[in-house]
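A.B. asks: This is the structure, below, for whatever I ask next.
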Amino acid sequence: MIELARLTPSGGNLQYLKYILSNKPKLNSKIFPCLGWARYLKDWDGPKEGERPAAYIVVLGDSSIEKGSLFDPGIASQTILLGAVEKGFGGCMIGNVNRNKLRNNLGIDNKYEILLVIALGKPNEEVIIEKVGQDNDIKYWRDDKKCHHVPKRSLEDIIIRY
Numbered sequence: 001m002i003e004l005a006r007l008t009p010s011g012g013n014l015q016y017l018k019y020i021l022s023n024k025p026k027l028n029s030k031i032f033p034c035l036g037w038a039r040y041l042k043d044w045d046g047p048k049e050g051e052r053p054a055a056y057i058v059v060l061g062d063s064s065i066e067k068g069s070l071f072d073p074g075i076a077s078q079t080i081l082l083g084a085v086e087k088g089f090g091g092c093m094i095g096n097v098n099r100n101k102l103r104n105n106l107g108i109d110n111k112y113e114i115l116l117v118i119a120l121g122k123p124n125e126e127v128i129i130e131k132v133g134q135d136n137d138i139k140y141w142r143d144d145k146k147c148h149h150v151p152k153r154s155l156e157d158i159i160i161r162y
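Residue numbers are given in our numbering: position 48 of the sequence shown equals residue 48, and the series is strictly consecutive.
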């Protein structure tokens with residue numbers, strides 16, 4: 001999956017992104033408490049033991065290389081996630097990261113900016129896409145069967161025609 005990210009476009013072809021890979025329980029346990037999970041689900045503190053991601057990818061920006069486009073982390077991360085789905089995994093990008101704690105827990109050199117974390121594993125829930133209602137509420141929710149409902153705007157709402 002990192003090979004896919006390596007080949008993605010990069011602003012000015014600067015390729016300033018670097019990655020920390022974790023798929024060992026001991027290292028994962030240092031990453032998990034640094035992450036904020038699903039902020040709209042106020043009564044959920046994130047996945048419980050046994051449901052937690054099997055792997056993480058910490059996406060870094062190398063300050064010793066000129067900073068590329070602001071789009072680079074998103075393009076690379078989405079490419080990683082598409083590669084993960086192709087292999088039967090699920091995942092999500094997490095921007096709600098306690099960066100200082102993560103830097104300390106992993107001993108990340110200050111020359112690296114912590115951009116985001118990708119959580120990966122076997123999906124444990126069903127995701128249901130819902131239409132955004134008249135109230136424009138885009139907050140996702142879980143039902144009593146642990147199905148994750150995600151409102152998305154319709155095509156008619158996002159395509160501007162002239």
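All C-beta atoms, glycine included, are put in the ideal place defined by N, C-alpha and C.
(1) Which residues bound the alpha helix (DSSP H) around V117?
(2) What residue from I65, Q15, S22 has the CA that sits closest to N105's CA?
(3) Tell me the DSSP secondary structure of C92 in three-state form.
(4) Sorted by chain position, which residues of the same chain lie with C-beta nearer than 6 angstroms to L81's C-beta, five sequence neighbours on each side aside?
(5) Does the structure place the stretch 124-137 close enough to the stretch 93-111 that three or more beta carbon pairs sit under 8 angstroms?
(6) Pull up the DSSP beta-bridge partners for L198, would you.
(7) With three or more C-beta pairs closer than 8 angstroms as the rule, is the stretch 40-49 touching the stretch 140-151?
(8) So what's A54 in DSSP terms, helix, strand or just coil?
(9) Relative to the alpha-carbon of N28, which residue among N110, V58, Y16, F89 has its alpha-carbon at the smallest distance?
(10) Does DSSP classify K101 as helix, strand or coil?
(11) In terms of alpha-carbon separation, which member of K26, G133, E113, L120 lies closest to P73?
(12) Can you tell me whether L35 is helix, strand or coil according to DSSP?
(13) Report yes if the C-beta distance between G12 and G68 is below 9 angstroms; otherwise report no.
(14) Is it the case that the Cβ atoms of R52 and G133 are separated by a distance below 9 angstroms?
(15) Does DSSP put E126 in a helix, in a strand, or in coil?
(16) Would you decide whether I159 is buried or exposed? Buried here means 16 or more other CB atoms lie within 10 Å of its CB.
C.D. replies: Taking the geometry as given:
(1) Annotation for V117: no alpha helix (DSSP H) segment contains it, though the beta strand (DSSP E) segment containing it runs 112-121.
(2) Taking N105 as reference, the option from I65, Q15, S22 with the minimal CA-CA separation is S22.
(3) In this structure, C92 counts as strand in the three-state DSSP scheme.
(4) If the five residues before and after L81 are omitted, its C-beta is found closer than 6 angstroms to the C-beta atoms of G91, all from its own chain and listed in chain order.
(5) Flag = no, the stretch 93-111 and the stretch 124-137 do not touch.
(6) Summary: the structure shown does not reach residue 198, with the chain confined to residues 1 through 162, and so no result is reported for it.
(7) Flag = yes, the stretch 140-151 and the stretch 40-49 touch.
(8) In the structure shown, A54 sits in coil (DSSP, three-state: anything other than H, G, I, E or B).
(9) It is V58 whose Cα lies nearest to the Cα of N28.
(10) In this structure, DSSP gives K101 a helical state, which the three-state scheme calls helix.
(11) Out of K26, G133, E113, L120, E113 has the C-alpha closest to the C-alpha of P73.
(12) Residue state, collapsed to three classes: strand.
(13) It is a contact, given that the beta carbons lie within the stated cut-off.
(14) Taking 9 angstroms as the cut-off, the beta carbon of R52 is found no closer than this to the beta carbon of G133.
(15) Coil, per DSSP.
(16) The residue is exposed, with fewer than 16 neighbouring Cβ atoms inside 10 Å.
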